[in-house]
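For reference, the structure discussed in these notes is given below.
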Amino acid sequence: MTLAAPEFYTAPAAQLARRPLNIAVIVGNRGFFPKHLVTSGRETILQVLEKAGMNAIILDANATAFGAVESLKEAQATAEFFRAHRDEIDGVLVTLPNFGDERAIANTLRYADLNVPVLIHAFPDDAGHMTIADRRDSFCGKMSVCNNLRQYGIKYTLTSLHTVDPTSESFANDLQRFGQICRVVKGMRRARLGVMGARPEAFKTVRFSEKLLERAGISVETLDLSEVFGRIERLNDDDP
Numbered sequence: 075m076t077l078a079a080p081e082f083y084t085a086p087a088a089q090l091a092r093r094p095l096n097i098a099v100i101v102g103n104r105g106f107f108p109k110h111l112v113t114s115g116r117e118t119i120l121q122v123l124e125k126a127g128m129n130a131i132i133l134d135a136n137a138t139a140f141g142a143v144e145s146l147k148e149a150q151a152t153a154e155f156f157r158a159h160r161d162e163i164d165g166v167l168v169t170l171p172n173f174g175d176e177r178a179i180a181n182t183l184r185y186a187d188l189n190v191p192v193l194i195h196a197f198p199d200d201a202g203h204m205t206i207a208d209r210r211d212s213f214c215g216k217m218s219v220c221n222n223l224r225q226y227g228i229k230y231t232l233t234s235l236h237t238v239d240p241t242s243e244s245f246a247n248d249l250q251r252f253g254q255i256c257r258v259v260k261g262m263r264r265a266r267l268g269v270m271g272a273r274p275e276a277f278k279t280v281r282f283s284e285k286l287l288e289r290a291g292i293s294v295e296t297l298d299l300s301e302v303f304g305r306i307e308r309l310n311d312d313d314p
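Take any residue in the sequence shown, note its place counting from 1, add 74, and you have its number in our numbering.
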């Protein structure tokens, strides 16, 4: 006999899977690199997120220089904005249309203290546009950002390619995978897992620590198998 859940019941994970993800966006910038790349890169990323069905949570373009983060003051302002939307944010996308300022990006994430998945993206350079007017150098900027995040103890996710066109299929796949990571993290936080019965004596491969799960915010509720069988026995064949 299959025990069906009441029709009105919707699992939190299912609710999360249906709603659009809210992604906080940090646009990096470094002073002596071309500013027009920051402006156009910001617009491109927002269009890509919209196409992917994700909501962008980003500071107004006029709130900081070129709508990006470079200085300590801009990092503080962006972090404050993110904290105000803490309960909405599922993940953070850091994008580098030029080299970017690694300290400002790391400080933004530290001050915001969101504790959500972070994806690091860097725009690729065009071999035909490597003059001072169009050179990005996001390749090196990404390494600097990641190095600082490791020093700060902030975990992050990388794209499949070190630098990637955000309008490409490769980045679309990266974004989809990142979205799945965000959903899993959001769904497992403060989760309550039910365990029916004890572990089979012969299978130590399925052992786990309830204390470690609890430390991660996941509670485990146990139910003896005899209770399960007893409840089943008391059911009538026509019970819903």
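Think of the CB as a built atom: it goes at the ideal place given N, C-alpha and C, for glycine as much as any other residue.
### Task
Taking 8 Å as the cut-off, decide whether the C-beta atoms of T138 and H195 are in contact.
On the sequence shown, position 64 is the one that residue 138 refers to. On the sequence shown, position 121 is the one that residue 195 refers to. No, they are not a contact pair.
### Query
Whose C-beta lies closer than 8 Å to the C-beta of S114 among residues of the same chain, with five residues either side of it excluded?
In the sequence shown, residue 114 corresponds to position 40, counting from 1. These residues qualify, in order along the chain: P171.
### Message
Less than 8 Å between the beta carbons of T182 and V219, yes or no?
### Response
Looking up residue 182 in the sequence shown gives position 108. Looking up residue 219 in the sequence shown gives position 145. Their beta carbons are not under 8 Å apart, which means T182 does not touch V219 by this criterion.
### Query
With respect to the beta strand (DSSP E) encompassing T205, which residues constitute its N-terminal and C-terminal limits?
Position 131 of the sequence shown, counted from the first residue, corresponds to residue 205. Neither: T205 is in no beta strand (DSSP E) and is coded neither H nor E.
### Query
Is any beta-carbon of chain B found at less than 8 Å from that of G127?
In the displayed structure, chain B is absent; only one protein chain is listed.
### Query
Taking all protein chains shown into account, do 16 or more other C-beta atoms lie within 10 angstroms of the C-beta of S212, making it buried, or fewer, making it exposed?
Here residue 212 corresponds to residue number 138 of the sequence shown, with the count starting at 1. So S212 counts as buried.
### Pick from N136, I163, D161 that is closest to A151, judged by C-alpha positions
The count along the sequence shown starts at 1 and reaches residue 151 at position 77. The option with the nearest alpha carbon to A151 is N136.
### Query
Just reading off the alpha helix (DSSP H) that N221 is part of, what are its end residues?
As a working note, residue 221 is residue 147 in the sequence shown. Element bounds for N221: 212 to 226.
### Message
Along the chain, where does the beta strand (DSSP E) containing S293 start, and where does it finish?
### Response
On the sequence shown, position 219 is the one that residue 293 refers to. Run containing S293: 293 to 297, per the beta strand (DSSP E) assignment.
#### Entry: Cβ-based burial, A149 [other Cβ within 10 Å; buried from 16]
The residue given as residue 149 occupies position 75 in the sequence shown. The residue in question, A149, is buried, as its Cβ has 16 or more Cβ neighbours within 10 Å.
### Query
Can you tell me the Cα-Cα spacing of P314 and D164, whole angstroms?
Counting from one through the sequence shown, the residue named residue 314 turns up at place 240. Counting from one through the sequence shown, the residue named residue 164 turns up at place 90. When rounded, the distance between both Cα atoms is 36 Å.
### Query
Does the beta carbon of P108 fall short of 7 Å from some heavy atom of the ligand ATP?
In the structure shown, the ligand ATP is absent, as is every other ligand, since no ligand is present at all.
### Query
Can you tell me the Cα-Cα spacing of E154 and A98, whole angstroms?
Looking up residue 154 in the sequence shown gives position 80. Looking up residue 98 in the sequence shown gives position 24. Whole-angstrom Cα-Cα distance: 12 Å.
### Task
Would you kindly work out how many angstroms separate the C-alpha atoms of P240 and K260, rounded to a whole number?
Locating residue 240 in the sequence shown gives position 166, counting from the first residue. Locating residue 260 in the sequence shown gives position 186, counting from the first residue. Taking the straight line joining both Cα atoms gives about 25 Å.
#### Entry: Inter-residue spacing [alpha-carbon to alpha-carbon] between A85 and S293
Numbered from 1 along the sequence shown, position 11 holds the residue referred to as residue 85. Numbered from 1 along the sequence shown, position 219 holds the residue referred to as residue 293. A caution first: A85 carries a pLDDT of 48, below 50, which makes its placement in the model unreliable, though a value can still be read off. The straight-line gap from Cα to Cα measures roughly 16 Å.
### Query
Alpha carbon to alpha carbon, how far is F252 from E307?
Position 178 of the sequence shown, counting from 1, holds the residue named residue 252. Position 233 of the sequence shown, counting from 1, holds the residue named residue 307. Approximately 45 Å between the Cα atoms of the pair.
### Query
When DSSP labels each residue in this structure, what does G115 get in the three-state scheme?
The residue you call residue 115 lines up with position 41 of the sequence shown. DSSP places G115 in helix when its eight states are reduced to three.
#### Entry: Paired residues, beta bridge with T231 - DSSP
In the sequence shown, the residue the question calls residue 231 occupies position 157. Its beta-bridge partners are L193.
### Through-space distance from T296 to K216, alpha-carbon basis
For the purposes of this step, residue 216 is taken as residue 142 along the sequence shown, with counting starting at 1. For the purposes of this step, residue 296 is taken as residue 222 along the sequence shown, with counting starting at 1. Their backbone Cα atoms lie some 45 Å apart in a straight line.
### Query
Do the CB positions of G102 and D199 come within less than 8 Å of each other?
Residue 102 sits at position 28 when you count from the first residue of the sequence shown. Residue 199 sits at position 125 when you count from the first residue of the sequence shown. Against a cut-off of 8 Å, the Cβ pair of D199 and G102 comes out as no contact.
### Message
Pop quiz: C214 and F173 are said to be a contact at Cβ under 8 Å. What is the actual Cβ separation, rounded to whole angstroms?
### Response
Residue 214 sits at position 140 when you count from the first residue of the sequence shown. Residue 173 sits at position 99 when you count from the first residue of the sequence shown. Rounded, the Cβ-Cβ distance is 6 Å, consistent with contact.
### beta strand (DSSP E) segments (min. 3 residues) lying fully within the region 110 to 162
129 to 131
### Outcome for N221 when other beta-carbon atoms lying within 10 angstroms are tallied against a minimum of 16
Counted from its first residue, the sequence shown places residue 221 at position 147. Exposed, by the Cβ-count rule.
### Query
Near I318, which residues of its chain fall below 6 Å by C-beta distance, leaving aside the five closest residues on each side in sequence?
The question about residue 318 has no answer, for the chain in this structure spans 75 to 314.
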